[in-house]
Every structure is written in C-alpha cells, then in structure tokens.
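Convert by adding 856 to the 1-based position in the sequence shown; the result is the number in the working numbering.
C-beta atoms are modelled at their ideal positions from N, C-alpha and C, and glycine is treated no differently.
See structure below.
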Amino acid sequence: MQSLGILGVGELTEKVVRGLRRSGFDGAILLSPRNAERARALAQACNCEVMSSNQAVVDNAAMLLLGVRPDSVAQLAAEITPKPGQHLLSLIAGLDLQTLQATFPGAVCVRVMLSYTAQFNQSTVVIYPPDETARICLGPLGSMVVMDDEPAFELATVAACMNGWFYFLFDDLQQWLVDKGLPVEQARTLVLGNLEDCLASARAHPDRSLKALGQAIATPGTYTAAGLDVLNHQPGSATWGAACEVVFDALLNRPPPPSN
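Dropping the structure here:
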C-alpha cells in the first residue's frame, strides 16, 4: 500500500489519519514535524512516523495530504519541492486548483472536502478533479462524491459548512426540550434519533424529493403540519439561504494568495 505524507498535522488531518487506520490502511504515514506535540501523540496512537522536516515528508511519501492553514501555504511551498507526478491532495478550502498547481509545480493536485466524521469512516468525501488515486486512498473514509468542475466543488464546500451549522440547530431543538423539563440526555437522544430517522428514510427513497418525504408526514390536520405552518411563515429558511450565499460569494471572490 502506498505511503502517505501529512503536511500540516491539525484537527482535520488527524481525523483522516485515524479513519484510514480504522479502515485498514497499513501503508506508512509520515507526519510533518510542525505542531510537534500533536504529531507525536498521533504517531503513537496510529503507528505513524514524525519526520525531521516537511521536505523529508515529501521525499519519503508516495502521495501527500495538504492540511495547513491558507496563510501558511506560501511558506510551505518555499520549503518543499514535490516529486514530479507526486499526488498532492489538498484539504484547504478556497484554494483553487489553478493556484495549487502554480504553487506546487510538478505535483498532481486534487482538491478534497470532507468532515470530522472521516475518523469514523462516515464522512462525505468530495474530490475534484476526478482522480483514481485520490478515490482509492480516501474512499474508505465514507461516501465518495466526484465533481467534474470547480464551481460544483465550491458548492460542496458550502454544503460542508452546513455540516457545522446543523449542530447549532440541533442544539436549539435540544435546549427547547430541556427547557420544557426533559433531562439533557433524553433530549439529545430524541433530537438525534429523529434526525437519524429522517436520514434513513431519505436514503431508502432516493427517487423521492426531500420535500415530498416531509409532505408525506406533515399531512393536513396533523401536529407536524401545524408546526410546519409556523415554520413556513418565519424567516428561518431565508436566513439559512443567506448564510450559504455569503460563503459561496467568499469562495468565488477570494483574494489571490500571498506570493512566496
């Protein structure tokens, strides 16, 4: 199995490493020495090796996973020279393919979007452009979605932001139940359980729209319909749409990265 080099040991790349090991990936995983304490802990937990430098990671890995902060990309690019044809899988949101290729010449660059549930092999994994090496490497982390163009990938980035927003909605619903007298544990179980019910139903009926599935439950005269009538007259959905537009606009109008 190919070796994988991690450039930037942070929260998300750690989740990827844990998910790969959990799925049976037994190739060498080589870690950047930056963020030393986290790198050492991850190396011990997941049978990885902390290398002496970022270039040592590049030199000894077959493919690379890029997970540094956007403002650190220029500095990293000045430190490393990828091998010709070496795959570089980028987790950096907003860093477009053309910029990646110009910043890391000679590398085969692939953009990747996934969530923290990669550690449990339950993430939605989005890649662009289509690439078999990336698909094979990251496929075990969850459900793979391959985008044919970059605007679609940017929309997937907006969807990934929704992943974070949902927690706040679920927390509001849980808190309402707690305020009405339910213990926190029961309220959490009910909110998450009903979410799982929705997901199970939606996945079992891929031919039906999400709205149609909801309408089948919220039939006239039901309590669900009564609550839905209130939701339909509140600005909540417009607020969510506005949040999506803000993120999408920022992705499409991002400033150029700093030069080396």
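Asked                                                                                                 : Found
Residue span of the beta strand (DSSP E) that contains ARG967, given as start and end                 : 964-969
Of the residues GLY950, VAL968 and ALA930, the one placed nearest LEU944, counting alpha carbons only : VAL968
Beta-bridge partners of TYR984, as assigned by DSSP                                                   : ARG967
Selected residue, minimal CA-CA separation from CYS1017, among VAL1103, GLY950 and ALA1072            : VAL1103
Alpha-carbon spacing of LEU1025 relative to THR1080, whole angstroms                                  : 18 Å
Inter-stretch contact (C-beta, 8 Å, three-pair minimum) for the region 871-891 and the region 964-979 : yes
Coil, strand or helix - VAL1047 by DSSP                                                               : helix
Reduced DSSP category for GLY1077 - H, G, I as helix; E, B as strand; rest coil                       : coil
Where the alpha helix (DSSP H) containing LEU947 begins and where it ends                             : Segment: none, LEU947 is in no alpha helix (DSSP H) and carries neither H nor E.
Residue from GLY1037, ARG1110, ARG1059 and LEU1011 whose Cα sits closest to the Cα of GLY1097         : LEU1011
Beta-ladder partner(s) of GLY998, from DSSP                                                           : SER979
Host beta strand (DSSP E) of GLY861 (start-end)                                                       : 860-863
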